[in-house]
Amino acid sequence: MIAEKPATSSLGSAFSRRSVLGGIGTGALLAGMPGIAFAREMGASFPGLTRIINEYVADRKVAGMLAMIGFGQNQPQMISAGALTLGGAKPVDSNTLWRMYSQTKPITGMATMMLIEDGLISLDQPLSDIFPEFANMQVLVDPEGALDNVEPAKLPITIRQLQTHTAGLGYTIISKGPIQKAYLAAGLTPGRVSRNPIPGVDPGAPTPDIMTFMKRLSEMPLVYQPGTQWSYSLSHDVLSAVIEKVSGKPLDQFLQERMFGPLGMNSIFYQVPADRAGDLADNYAPFAGALIPVDPGATSIFLDKPAFSFGSTGLVGTAADYDKFLQMLLGFGTHGGVQVMKPETAKLGMSNLLPETASTKGTWVANHGFGAGGRSGLGTEVSPAGTFGWGGAAGTSAFVDTVRDVRAGGYTQYIPSNSYPFQSDFPKYVYADLIGSAQAGAGNTSP
């Protein structure tokens, strides 16, 4: 067996449908954050994160793992270990393709903000203005109850609610009871995991084209009254349809023209080209102390064309390309001298867009804000100002911190994302090393 490549710094759960599209939080950060600016000037290192990445690979918890961290518009540092396949010869690097899953949501969210900037839609515009079939929606009295036990929606679904998962829509990985079964039967399952059946997981009917998807969704009762409850949902797939209807272009084309092309994001795809299959990392399910191959890169389901450009889960790309998206966010709409949105649009998208009437109690975003597809900081110890980010089902994580001018992405491929704490703790690893570097640098310069 070829030895795993050690990480270098260059500048145990069963599969659960409910965990497929997990998120990420910045968590409670340390009081030393102001020293991060000093760490940047002195040249931060990431010994703690490097050790953690090495340990994950050495312990065969993952086949490969990579982190990419940068300040402002500067080139990122990369830390990596392992290979595209367990024990394989090809190391993970800046060309490796990763399944982004729900890290797609902030990209779709910002694409939606572009339409708002263009004046084609507005944040509090009813969805029924664009898709009339969503007028006069019905709402389940009991979110897990009978589909015929409903009441009229008290408010219309709005773009703001779709951006923030407060529109009352369901999700097969979250919802329970009859509504989950109804979504599965209707093919309201915009996400792909494997060509092969997964034990204990109902794949549902095939996902239809985007306009059929919208029609079937409009016929389903909502799970919650619009604007009242944060509940993870397929709302960014609805936004994919909104973008297509309003712009006249499917989401993938819109992104290519307005974001990916201008930013030089040339290795991010809805359908991985056949000649890039060799760069796609294998995806695994940790089970009973072993890694079970779920979606090998060479024969991945992501080599096939999806039913439509899923706004919530569909993208596969390199860490370097996603880093360009993060740089654009830190540049408030501009990267590499190219502006893709105005500063005020980017800032609004990263701000707390939650309706005042919406509850987040007991959810993944309790005590946090939520913006255009990602968790946003409220300016508290547990939710620092300027932070914005989200993660994906295969253990990936990405965030920006516009106050401290930091961006970071962590990449690996295991599903579900809560099998290990890497995703949830990734921001803590980054900040701990930054603060450690700041403190060490300050000590070295003290008289």
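All residue numbers for the sequence shown refer to my numbering, where the first residue is 143 and numbers rise by one. For every residue, glycine included, the Cβ atom is placed at its ideal position computed from N, Cα and C. Remember, it's a predicted structure, so these values are computed and weren't measured experimentally.
Exercise. So is V572 buried or exposed if we call it buried at 16+ other beta carbons inside 10 Å?
Worked result: It counts as buried.
Problem set entry | Cβ-based neighbour list, G287, same chain, cut-off 8 Å, excluding 5 preceding and 5 following | These residues qualify, in order along the chain: G319, P320.
For this session: Assign R337 to buried or exposed, taking buried as 16 or more other Cβ atoms, counted over all protein chains shown, within 10 Å of its Cβ.
Result: By the C-beta density criterion, R337 is exposed, having fewer than 16 other C-beta atoms within 10 angstroms.
Exercise. Assuming T314 contacts Q322 under a Cβ cut-off of 8 Å, what Cβ separation, rounded to an integer in Å, is found between them?
Worked result: Correct: roughly 6 Å between the Cβ atoms.
Exercise. Looking only at its own chain, which residues have a Cβ that is under 7 Å from the Cβ of A488, when we skip the five neighbours before and after it?
Worked result: Close CB contacts of A488 within its chain, under the 7 Å cut and outside five residues either way in sequence, are with L471, F474, G475 (chain order).
Exercise. Among the residues of its own chain, which have a CB less than 6 Å from the CB of A462, if the five just before and after it don't count?
Worked result: Same-chain partners within the cutoff: S236.
Exercise. Can you tell me whether I577 is buried or exposed, with buried defined as 16 or more other CB within 10 angstroms of its CB?
Worked result: Result: buried.
For this session: List the residues that DSSP assigns as beta-bridge partners of I410.
Result: Its beta-bridge partners are G459.
For this session: Kindly give me the distance between the Cβ atoms of V482 and P404, rounded to whole angstroms, as I take these residues to be in contact under 8 Å.
Result: Contact holds; Cβ gap of about 5 Å.
For this session: Measuring alpha carbon to alpha carbon, tell me which of V335, G479, G511 ends up nearest S493.
Result: It is G511 whose Cα lies nearest to the Cα of S493.
For this session: Could you check the C-alpha separation between G439 and F188 for me, to the nearest Å?
Result: C-alpha separation (whole angstroms): 29 Å.
For this session: Count the other CB atoms, across all protein chains shown, that sit within 10 Å of the CB of M353; report buried if there are 16 or more and exposed otherwise.
Result: Exposed: under 16 other Cβ atoms inside 10 Å.
Problem set entry | As assigned by DSSP and simplified to three states, the class of A186 | Coil, per DSSP.
Exercise. So R241 is in the alpha helix (DSSP H); what residue range does that whole segment cover?
Worked result: Premise fails: R241 lies in the beta strand (DSSP E), 239-241, not in any alpha helix (DSSP H).
Exercise. Are the CB atoms of A423 and L226 nearer to each other than 7 Å?
Worked result: Yes, the pair counts as a contact, with Cβ atoms nearer than the cut-off.
Exercise. Beta strand (DSSP E) containing T529: first to last residue?
Worked result: Residues 529-533.
Problem set entry | Burial state of N291, where buried means 16 or more other Cβ atoms lie within 10 Å | Exposed, since its Cβ has fewer than 16 Cβ neighbours within 10 Å.
Exercise. Secondary structure at A540, three-state DSSP: helix, strand or coil?
Worked result: The answer is strand: DSSP assigns A540 an E or B state.
For this session: Report all residues from its chain with a CB closer than 6 Å to the CB of L326; omit the five preceding and five following residues, and keep chain order.
Result: The beta carbon of L326 lies closer than 6 Å to those of T314, D344, G346 in the same chain, with the five residues before and after it left out.
Exercise. On the three-state DSSP scale, how would you describe I316?
Worked result: I316 falls in the coil class under three-state DSSP.
Exercise. So S222 is in the beta strand (DSSP E); what residue range does that whole segment cover?
Worked result: Per DSSP, S222 belongs to the beta strand (DSSP E) from 219-224.
For this session: Mind checking who A432 pairs with in its DSSP beta bridge?
Result: Here A432 is bridged, per DSSP, to F429.
Exercise. Can you name the start and end residues of the beta strand (DSSP E) that Q280 belongs to?
Worked result: Unbroken beta strand (DSSP E) run through Q280: 280-282.
For this session: Give the straight-line distance between the Cα atoms of P240 and N408, rounded to the nearest whole angstrom.
Result: Strictly speaking, residue 240 in this sequence is Trp, with Pro absent from that position. Taken atom to atom, the span from the alpha-carbon of W240 to that of N408 is near 14 Å.
Exercise. Are the beta-carbon atoms of P248 and G515 separated by less than 7 Å?
Worked result: In contact: P248 and G515 (Cβ atoms closer than 7 Å).
Exercise. Relative to the C-alpha of F467, which residue among W532, Q371, N425 is closest?
Worked result: Looking only at W532, Q371, N425, the smallest Cα-Cα distance to F467 is reached by W532.
Exercise. Nearest CA to the CA of L496: which residue from Q215, Y243, I211, Q303?
Worked result: The candidate whose alpha carbon is nearest that of L496 is Q303.
Problem set entry | DSSP state of L381 mapped onto helix, strand, coil | In the displayed model, L381 falls within a helix according to three-state DSSP.
Exercise. Are the Cβ atoms of M252 and G491 separated by less than 7 Å?
Worked result: Yes.
Problem set entry | Strand pairing of E386, partner residues [DSSP] | E386 pairs with nothing; no bridge assigned.
Exercise. What is the DSSP secondary structure of S236, reduced to helix, strand or coil?
Worked result: Three-state result, S236: coil.
Exercise. Apart from the five residues just before and just after V507, which ones in its own chain have a Cβ nearer than 7 Å to its Cβ?
Worked result: Around V507: W372, R517.
Exercise. Per DSSP, which one or two residues make a beta bridge with T300?
Worked result: P268.
Problem set entry | Beta carbon of P448 nearer than 7 Å to that of Y412 | Contact: yes.
Exercise. Expressed to the nearest angstrom, what Euclidean distance is found between the alpha-carbon atoms of S222 and G537?
Worked result: Just so you know, the alpha carbons of S222 and G537 end up roughly 15 Å apart.
For this session: Leaving out five residues on either side along the sequence, give the residues of the same chain with a beta carbon under 8 Å from the beta carbon of Y556.
Result: Hits under 8 Å: K203, V204, N425, Y426, A427, P428, L433, A536, G537, Y562.
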